[in-house]
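Here the structure comes first, spelled out in structure tokens, and everything after it is commentary.
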Amino acid sequence: MITLSDDPRMNLARGALGAVRVVHDPTLPPRVLRLVNAEGNEFFAKQHSARDRYTRELHAYVAWGSHLIGHVPRVVGRQDRTCTLLLTAVPGVRVDMVTPGSPEEEQAHYEAGRALGKLHDATAVPRTGAVGTELAQRLRNWIARADGAGLISTVERERLGHYADVLANTLMDSAVCHLDYQPRNWLLGDAFGLCDFEHMRRDARIRDFARLEFRRWQAAPSLRTAFFAGYGQPLNDTEQRLLESFGAIEAVTALVRGHEQDNLALSTHGRTVLARLA
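Residue numbers (the working numbering): 342 to 619.
Pasting the structure below:
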């Protein structure tokens, strides 16, 4: 069992910042520590269990953080051997803690749209078939996992396979995407903040809206309106249909991960989205 005295996160922080203390934060996953240095500045130390996630997040902050200056943490320390990052803290309240239906929530979605629009505009590549082919194969792999675990019926497997065929045969814009773009990773303060870049990579631009579409906007369409007002361009009919196709990925990944993690809420979400695709 690792104690704080020999924790790689603490060792990295002390080497970069000097004396630090841990701030208890029950909202954080166990692999992330909130720290304060002697001057009262806050930082986060994060240790990845998978090297590819560490490499991807480090690359994201270094390569693409310049498109979001003022919105994202800065890397102030790293230890490749232990897959540990030390990041500055972006001040603000996590948006999933904001009162639902409040003006603050609507403002957060507007600012989230504006920030994501900056990233997409700076990294967009117009209509290509390669990204659709890759996503179709990824969806088929998830379908096979769900089928192997007995989570979907024959009809549901065929329905999901249809969406894989649609993705494989669709030209779509690509951009650098966050891919976990939802209120738990947003911070609302004097400036709008973003965090958690471990999933970030080039992908279908429209896919970056999927978690919001299927986890939040269905129940609160005014938030969708606010988001796209900030983003700068609403979805056209073709893009909206493509977003529906990404619901297949949302559904089957939630079913598989919910089953593997014994997470009833995630499994229920997957089943709800799958029913919507019927």
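Think of the CB as a built atom: it goes at the ideal place given N, C-alpha and C, for glycine as much as any other residue.
In this text, all values refer to a predicted model and were calculated from it rather than measured experimentally.
By how many angstroms is the C-alpha of Asp537 removed from the C-alpha of Glu398?
Cα to Cα, the separation comes out at about 8 Å.
Going straight from the alpha carbon of Glu446 to that of Val434, what length do you get?
Using only the alpha carbons, I get a separation of about 11 Å.
Tell me the start and end of each unbroken beta strand (DSSP E) in the stretch 392-428 that is at least 3 residues and wholly inside, in chain order.
Complete beta strand (DSSP E) runs here, min 3: 416-420.
Straight-line CA distance for Gly406 to Phe384?
Rounded to whole angstroms, Gly406 to Phe384 spans 17 Å at the Cα level.
Is DSSP giving Met513 helix, strand or coil here?
Reduced to three states, the DSSP call for Met513 is strand.
Would you identify the three-state DSSP class for Ala485, choosing helix, strand or coil?
Reduced to three states, the DSSP call for Ala485 is helix.
Have a look at Arg543 and Thr396 and give me their C-alpha separation to the nearest angstrom.
Approximately 15 Å between the Cα atoms of the pair.
Starting from the Cα of Glu497, find the closest Cα among Asn378, Asp366, Ala567, Val614 and give me that residue.
Nearest of Asn378, Asp366, Ala567, Val614 to Glu497, Cα basis: Val614.
According to DSSP, is Asp283 part of a helix, a strand, or is it coil?
Residue numbering for the chain in the displayed model covers 342 to 619; residue 283 lies beyond these limits and cannot be assessed.
If I'm right that Gly660 touches Val593 with Cβ under 8 Å, what's the distance once you round it to whole angstroms?
Because the chain here runs from 342 to 619, residue 660 falls outside it and cannot be looked at.
Which of helix, strand or coil does DSSP assign to Asp544?
The answer is strand: DSSP assigns Asp544 an E or B state.
How many whole angstroms separate the CB atoms of Gly418 and Leu353, which I take to be in contact at a CB cut-off of 8 Å?
Gly418 to Leu353, Cβ: 5 Å. Contact.
Could you spell out where the alpha helix (DSSP H) holding Thr469 opens and where it closes?
Element bounds for Thr469: not the alpha helix (DSSP H) but the beta strand (DSSP E), 466-469.
Kindly list the residues whose CB is nearer than 8 Å to the CB of Leu409, restricted to its own chain and excluding five residues on each side of it in sequence; keep chain order.
Answer for Leu409: Ala456, Lys459, Leu460, Leu535, listed in chain order.
On a Cα-Cα basis, can you pick out the residue from Asp421, His400, Glu475 that is closest to Ser390?
Comparing Cα-Cα distances from Ser390 to each of Asp421, His400, Glu475, the minimum goes to Asp421.
Which residues in the same chain as Val439 place their Cβ atom closer than 7 Å to its Cβ, once the five residues preceding and following it in sequence are excluded?
Only Glu445, Glu446, Ala449, Leu529 meet the Cβ criterion.
Count the other C-beta atoms from every protein chain shown that fall within 10 angstroms of the C-beta of Ala386, then say buried if there are 16 or more, exposed otherwise.
So Ala386 ends up on the buried side.
Going by the DSSP bridge assignment, what does Gly621 pair with across the sheet?
The first residue shown for the chain is 342 and the last is 619, placing residue 621 beyond what the model contains.
Does DSSP classify Glu601 as helix, strand or coil?
Residue state, collapsed to three classes: helix.
Hey, Gly359 and Asn382 are a contact pair by Cβ (cut 8 Å); roughly how many whole angstroms apart?
11 Å between Cβ atoms; not a contact.
Answer yes or no: do Thr423 and Pro349 have a C-beta to C-beta separation smaller than 7 Å?
Yes, they are a contact pair.
Within 10 angstroms of the Cβ of Ser563, are there 16 or more other Cβ atoms? Answer buried if so, exposed if not.
It counts as exposed.
Which same chain residues, not among the five before or five after Ala487, have their C-beta less than 6 Å away from its C-beta?
Excluding residues within five positions, the ones whose Cβ falls inside 6 Å are Ile493, Val593, Leu596, Val597.
Thr425 to Gln388, Cα distance in whole Å?
Cα to Cα, the separation comes out at about 4 Å.
Find out if the Cβ-Cβ distance for the pair Val361, Arg375 is shorter than 7 Å.
No, they are not a contact pair.
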